[in-house]
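Student: One structure, as structure tokens, below. Some questions next.
There are 2 protein chains.
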Amino acid sequence: MKSSQSKVTKSTRKPGGPSIREIAQRLNVSKSTVALAVSTTEENCPLAPATRERILKACADMGYRVNSIARTMRTGRFNTIAMIVGKISPYFLPAELVYGAEDALEKKGYRLNLTWLDNRRLTSANYVPKVLEEWSCDGLLIHYATFLPKKMLELIERHQIPTVWMNSKLEHDCVHPDDFNAAYDATQRIIALGHKHIGYLHFHHFEHYSETDRFGGYEKAMREAGLKPQRVRVPPMESPAEIRVDHRQEIARKIIQARNRPTALLCYEMEVAAPILVAALSSGLRVPEDLSLVTFGRYNRNNTGISISTIQLNLEELGRRSADMLLKKIEKPSKFLSPIAVPLKMDSDVTLSPPL
Amino acid sequence: MKSSQSKVTKSTRKPGGPSIREIAQRLNVSKSTVALAVSTTEENCPLAPATRERILKACADMGYRVNSIARTMRTGRFNTIAMIVGKISPYFLPAELVYGAEDALEKKGYRLNLTWLDNRRLTSANYVPKVLEEWSCDGLLIHYATFLPKKMLELIERHQIPTVWMNSKLEHDCVHPDDFNAAYDATQRIIALGHKHIGYLHFHHFEHYSETDRFGGYEKAMREAGLKPQRVRVPPMESPAEIRVDHRQEIARKIIQARNRPTALLCYEMEVAAPILVAALSSGLRVPEDLSLVTFGRYNRNNTGISISTIQLNLEELGRRSADMLLKKIEKPSKFLSPIAVPLKMDSDVTLSPPL
DNA sequence: CTGAAAGCGCTTACAG
DNA sequence: CTGAAAGCGCTTACAG
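Taken in order, these protein sequences are the chains called C and B. Sequential numbering from 0 applies to the first sequence in numbering that gives the first Met the number 0. Sequential numbering from 0 applies to the second sequence in numbering that gives the first Met the number 0.
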């Protein structure tokens with residue numbers, strides 16, 4: 000009978016493999032005993048060592064894997080965090096951000112779920128992500144630069160879902176790069192080299208706090224040094240919201256060729272700095288001798304094949320800190336946690352030198 | 000008594016909200032009745048409409064959300080797919096790939112889980128991702144360019160976990176861009192413009208099928224036209240594996256200034272094409288008049304602010320197709336599915352013209 | 001049309 | 001040291 004049973008087990012193998020019940024039957028022990036063997040370590044296992052061995056051997060032979068969903072249900076903890084990502088500027092999801100969050104969560108035994116809020120979903124009248132509609136995670140990481148639909152905010156509030164806002168600057172429960180201080184420090188460093196005419200350059204306007212903060216830090220350093228802050232602008236700006244990629248080089252040229260061009264530029268992002276670099280080089284300027292260049296960016300890399308001094312965002316760290324904050328939040332959902340500003344640092348002086 | 004009970008319910012509110020039992024108690028109906036009301040649509044609900052209304056009202060009032068884990072356990076379906084991502088060239092995870100997969104899965108009622116295989120995990124002797132160790136998903140999407148640890152492959156095989164390989168070219172169960180034909184078509188198009196001297200350019204070697212296929216398609220078109228395929232090389236190549244970003248501009252200059260420079264270049268990726276463009280422009284060449292440029296890439300965008308004709312990878316589609324293939328695989332785990340080659344297309348002629 | 005009951009695969013007191 | 005039993009929150013035949 001035993002052998003016929005084992006045959007059955009093999010041939011009618013279920014997709015997920017055997018359960019503790021089947022292991023128990025095979026060995027003529029109770030389910031509890033099997034459960035104890037597989038869910039404890041050698042040290043804290045109350046079973047006789049021989050029993051434990053026998054069971055673990057059978058589990059290995061039969062290909063047992065614990066059903067994590069059953070465990071979840073029993074313990075009442077999902078051990079799952081959902082990350083909600085907004086589809087801003089088509090497909091913006093920095094890999095290092097996800098990696099940092101996932102790695103921090105994995106260390107604490109949590110899984111990461113990913114949900115995208117694309118335009119299709121946001122515009123369909125009553126769309127609500129499954130993760131808010133059903134109860135399936137312990138908390139939310141929200142990576143969404145602009146507004147979040149009101150209905151979703153209400154649900155989060157209503158169900159008191161522990162939530163941390165990534166890359167946003169709010170009253171509490173958020174983690175963001177320390178743009179203000181980074182801009183302040185970088186500007187001070189440029190000033191210390193002797194520059195008097197330092198411009199601040201950006202192409203976009205999409206209402207993210209970083210625009211205000213990067214300019215703010217720059218402005219503060221300039222004023223403290225008695226210098227005049229200056230947003231570099233190209234008068235007939237094509238569109239108030241965004242300059243199309245195809246036109247950036249043209250605009251960069253105008254900036255480079257302007258009569259009273261600054262001796263140094265602080266750029267909002269690499270998408271601004273690199274075109275400027277290209278325009279400068281192809282206009283015969285030397286960088287950094289004729290023009291110092293510092294930019295914010297995810298990493299010191301751009302397509303030109305030439306490095307630019309970059310104030311690096313460290314989004315991996317941002318992901319980690321967000322995850323850690325969320326786990327704290329899950330412990331005490333009602334407690335507001337102070338915002339965390341992740342420090343940034345400039346990676347090199349490669350495009351930075353005193354003015355001629 | 001009713002009111003005292005509702006007080007209790009309110010004050011001792013559990014983190015996930017009430018369960019059907021609590022709804023049932025409140026309304027003096029059975030759990031089954033509540034379950035029927037919340038898990039059916041108006042049409043196929045066997046309950047009296049008034050009963051259904053009453054229950055749904057109570058659910059809304061009390062903030063009921065179905066516990067998706069309990070449902071999962073009952074039905075035996077996880078409705079979850081895990082995506083395993085390799086940490087290649089630090090943090091390579093194209094957002095559009097994840098988006099495509101997640102969107103296709105969401106439409107079929109599946110969730111997406113993300114696991115990263117970083118170096119720390121891969122080098123710790125016996126690391127196995129939780130998703131393979133426990134039973135917690137219905138299938139795997141693997142986005143991993145190079146090898147996958149043998150132990151993991153064994154587990155996938157052993158537990159017969161339905162798996163689809165993204166961006167890999169294998170015998171079966173994979174989805175990849177149609178690099179060969181895209182390179183072939185693009186090269187034919189360059190030839191049709193009258194170019195005879197067309198070079199193929201790349202900086203990297205990391206043993207991905209796309210390197211062989213892109214060159215292969217190019218080579219085939221060249222030979223068919225009676226032209227000589229030519230890998231453009233810079234003799235003292237700094238390293239066989241990779242050319243550091245800082246040296247790319249220098250190398251690009253050498254290529255541009257070489258005596259017998261091709262009149263057109265097909266580039267493996269934007270990281271090659273953009274430095275060449277910069278080198279060309281700053282050497283006084285006109286693009287495309289003096290040099291036609293076509294590159295493979297995720298999208299027509301690069302930091303220079305100048306567009307380059309790009310053979311776009313369409314990774315969103317790749318994500319979708321992979322997800323759909325996996326769902327098919329889950330239906331029939333034992334059936335091998337034929338590889339899918341996702342078509343690519345060149346987006347514009349902006350850096351393409353006849354030779355002078 | 002509604003309710004009582006079984007069961008998904010675990011975990012965890014508790015009994016022996 | 002091991003087993004019997006209850007229960008997590010659902011779904012789903014089945015009975016009435």
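Using N, Cα and C, we set each Cβ at its ideal position, and we do this for glycine too. A quick note: this is a predicted structure, and the numbers were derived from the prediction, not measured.
Please name the residues in the segment 246-278 of chain B whose beta-carbon is closer than 7 Å to at least one beta-carbon of chain C, in chain order.
Tutor: Flagged, chain order: R247, Q248, A251, M269, E270, A273, P274 and V277.
Student: Quick one: is G108/C buried, meaning 16 or more other Cβ sit within 10 Å of its Cβ, or exposed?
Tutor: As a working mapping, residue 108/C is identified with position 109 in the first sequence. It is exposed - the Cβ of G108/C has fewer than 16 other Cβ atoms within 10 Å.
Student: By alpha-carbon positions, which one of E95/C, L35/C, L264/C and I155/C ends up nearest to I190/C?
Tutor: Position 191 of the first sequence, counted from the start, is the residue given in the question as residue 190/C. Nearest of E95/C, L35/C, L264/C and I155/C to I190/C, Cα basis: L264/C.
Student: What does the alpha-carbon distance come out to for the pair S347/C and I197/C?
Tutor: Position 348 of the first sequence, counting from 1, holds the residue named residue 347/C. Position 198 of the first sequence, counting from 1, holds the residue named residue 197/C. Cα-Cα distance, rounded: 19 Å.
Student: Alpha carbon to alpha carbon, how far is H204/B from E210/B? Give it in angstroms, no decimals.
Tutor: Translated into positions along the second sequence, residue 210/B becomes position 211. Translated into positions along the second sequence, residue 204/B becomes position 205. The straight-line gap from Cα to Cα measures roughly 8 Å.
Student: W134/B and G62/C look like a contact to me (Cβ under 8 Å); what is the Cβ gap, rounded to whole Å?
Tutor: By 1-based counting over the second sequence, the position of residue 134/B is 135. By 1-based counting over the first sequence, the position of residue 62/C is 63. Actually they do not touch by this definition, with Cβ atoms about 10 Å apart.
Student: Report back the beta-carbon spacing between L96/C and H142/C to the nearest angstrom; my notes put them in contact at under 8 Å.
Tutor: Translated into positions along the first sequence, residue 96/C becomes position 97. Translated into positions along the first sequence, residue 142/C becomes position 143. Confirmed, about 7 Å.
Student: Hey, would you say V84/C sits closer than 8 Å to W115/C, going by beta carbons?
Tutor: The sequence position of residue 84/C within the first sequence is 85, counting from 1. The sequence position of residue 115/C within the first sequence is 116, counting from 1. The answer is yes: Cβ separation under 8 Å.
Student: Just list the alpha helix (DSSP H) runs in the segment 246-304 of chain B, keeping only unbroken ones of 4 residues or longer that don't cross its boundaries, in chain order.
Tutor: Correct list: 269-281.
Student: Please tell me whether L325/B and P161/B are closer than 8 Å, where the distance is taken between their beta carbons.
Tutor: Taking the second sequence and counting its residues from 1, one reaches residue 325/B at position 326. Taking the second sequence and counting its residues from 1, one reaches residue 161/B at position 162. Contact: yes.
Student: Counting only beta-carbon atoms, is S281/B nearer than 8 Å to chain C?
Tutor: Position 282 of the second sequence, counting from 1, holds the residue named residue 281/B. By this cut-off, S281/B is an interface position.
Student: Once DSSP output is grouped into helix, strand and coil, what is the label at P354/B?
Tutor: If you number the second sequence from 1, residue 354/B lands on position 355. In the structure shown, P354/B sits in coil (DSSP, three-state: anything other than H, G, I, E or B).
Student: Do P342/C and H175/C count as a contact pair if the criterion is CB distance below 8 Å?
Tutor: Translated into positions along the first sequence, residue 175/C becomes position 176. Translated into positions along the first sequence, residue 342/C becomes position 343. Result no, Cβ atoms of H175/C and P342/C do not sit closer than 8 Å.
Student: Hey, could you find the ends of the beta strand (DSSP E) C173/C is sitting in?
Tutor: As a first step, residue 173/C must be located in the first sequence, where it is residue number 174. Here the beta strand (DSSP E) through C173/C covers C173 to P176.
Student: Chain C partners of I68/B, CB-CB under 7 Å?
Tutor: Reading the second sequence from its first residue, position 69 is the one you call residue 68/B. Correct list: I68, T71, M72, F77 and S135.
Student: Would you kindly check if the distance between the Cβ of E316/C and the Cβ of G99/C is under 8 Å?
Tutor: As a working note, residue 99/C is residue 100 in the first sequence. As a working note, residue 316/C is residue 317 in the first sequence. In contact: G99/C and E316/C (Cβ atoms closer than 8 Å).
Student: Note down, in chain order, each residue of its chain lying with its Cβ closer than 6 Å to the Cβ of L290/B, except the 5 sequence neighbours on either side.
Tutor: Position 291 of the second sequence, counted from the first residue, corresponds to residue 290/B. Taking C-beta separations shorter than 6 Å and ignoring five residues to either side along the sequence, the partners of L290/B in its chain run A279 and L284, following chain order.
Student: Strictly by DSSP, which residues pair up with A81/C?
Tutor: The residue labelled residue 81/C in the question sits at position 82 within the first sequence. DSSP lists N112/C and L139/C as partners of A81/C.
Student: Anything in chain C within Cβ reach of Y90/B, meaning under 7 Å, just list it in chain order.
Tutor: Locating residue 90/B in the second sequence gives position 91, where the first residue counts as 1. Within chain C, the residues near Y90/B are A94, E95 and Y98.
Student: DSSP three-state call for G75/B: helix, strand or coil?
Tutor: As a working note, residue 75/B is residue 76 in the second sequence. When secondary structure is reduced to three states using DSSP, G75/B falls in the coil class, being assigned neither helix nor strand.
Student: Where A240/C and F202/C are concerned, what is the direct C-alpha to C-alpha distance, given to the nearest angstrom?
Tutor: Residue mapping note: residue 240/C aligns to position 241 of the first sequence, counting from 1. Residue mapping note: residue 202/C aligns to position 203 of the first sequence, counting from 1. Per-residue confidence for A240/C stands at a pLDDT of 46, beneath the threshold of 50, marking its modelled position as unreliable; the derived number appears in the next sentence. Taking the straight line from one Cα to the other gives about 8 Å.
Student: Give the residues from the segment 299-328 of chain B that approach chain C closer than 7 Å (Cβ to any Cβ), ordered along the chain.
Tutor: R300, N301, N302, T303, G304, I305 and S306
Student: Let me check understanding here. Comparing Cα to Cα, which of N166/B, L131/B, M82/B and L140/B lies closest to K150/B?
Tutor: Within the second sequence, numbered from 1, the residue matching residue 150/B stands at position 151. Per the Cα distances, L131/B.
Student: Quick one: what does DSSP say L200/C is sitting in, helix, strand or coil?
Tutor: Taking the first sequence and counting its residues from 1, one reaches residue 200/C at position 201. Residue state for L200/C is assigned as strand, using DSSP reduced to three classes.
Student: Closer than 7 Å by C-beta to V65/C: which residues in its own chain qualify, once you throw out the five before and the five after it? Chain order, please.
Tutor: The residue you call residue 65/C lines up with position 66 of the first sequence. Same-chain partners within the cutoff: V37.
Student: Does the distance from the C-beta atom of V293/C to that of M345/C stay below 8 Å?
Tutor: As a working mapping, residue 293/C is identified with position 294 in the first sequence. As a working mapping, residue 345/C is identified with position 346 in the first sequence. Against a cut-off of 8 Å, the Cβ pair of M345/C and V293/C comes out as a contact.
Student: Could you say which of V271/B, Q229/B, E101/B and Q159/B lies nearest to L113/C if we only look at CA atoms?
Tutor: The count along the first sequence starts at 1 and reaches residue 113/C at position 114. For L113/C, the nearest C-alpha among the options comes from E101/B.
Student: How many Å lie between A340/C and C266/C at the Cα?
Tutor: Taking the first sequence and counting its residues from 1, the one referred to as residue 340/C is at position 341. Taking the first sequence and counting its residues from 1, the one referred to as residue 266/C is at position 267. Rounded to whole angstroms, A340/C to C266/C spans 20 Å at the Cα level.
Student: Identify the contact partners of G16/B in chain C, using a Cβ-Cβ distance below 7 Å as the criterion.
Tutor: On the second sequence, residue 16/B is found 17 positions in, with the first residue counted as 1. W134 and H158, listed in chain order.
Student: Any Cβ of chain C within less than 8 Å of the Cβ of G85/B?
Tutor: Within the second sequence, residue 85/B is the residue found at index 86, counting from 1. No, no contact with chain C.
Student: Would V65/B count as contacting chain C if we go by Cβ distances under 8 Å?
Tutor: For this step, residue 65/B is matched to residue 66 along the second sequence. Closer than 8 Å to some Cβ of chain C, the Cβ of V65/B qualifies, so yes.
Student: So what does R230/B bridge to, in DSSP terms?
Tutor: Reading the second sequence from its first residue, position 231 is the one you call residue 230/B. Y199/B, per the DSSP bridge assignment.
Student: Using a Cβ-Cβ cut-off of 8 Å, state whether L113/C counts as contacting chain B.
Tutor: Counting from 1 along the first sequence, the entry for residue 113/C is found at position 114. With 8 Å as the cut-off, L113/C counts as an interface residue toward chain B.
Student: So, does the CB of K129/B fall closer than 8 Å to a CB anywhere in chain C?
Tutor: Position 130 of the second sequence holds residue 129/B. Chain C contact via Cβ: present.
Student: The alpha helix (DSSP H) spanning I160/C covers which residue range?
Tutor: Residue numbering aside, residue 160/C sits at position 161 when the first sequence is read from its first letter. From DSSP, I160/C is part of no alpha helix (DSSP H); its letter is neither H nor E.
Student: Output needed for A220/B: all residues of its chain with C-beta closer than 7 Å, excluding positions within five of it in sequence on either side, in chain order.
Tutor: Counted from its first residue, the second sequence places residue 220/B at position 221. The residues are Y183, T186, Q187 and I190.
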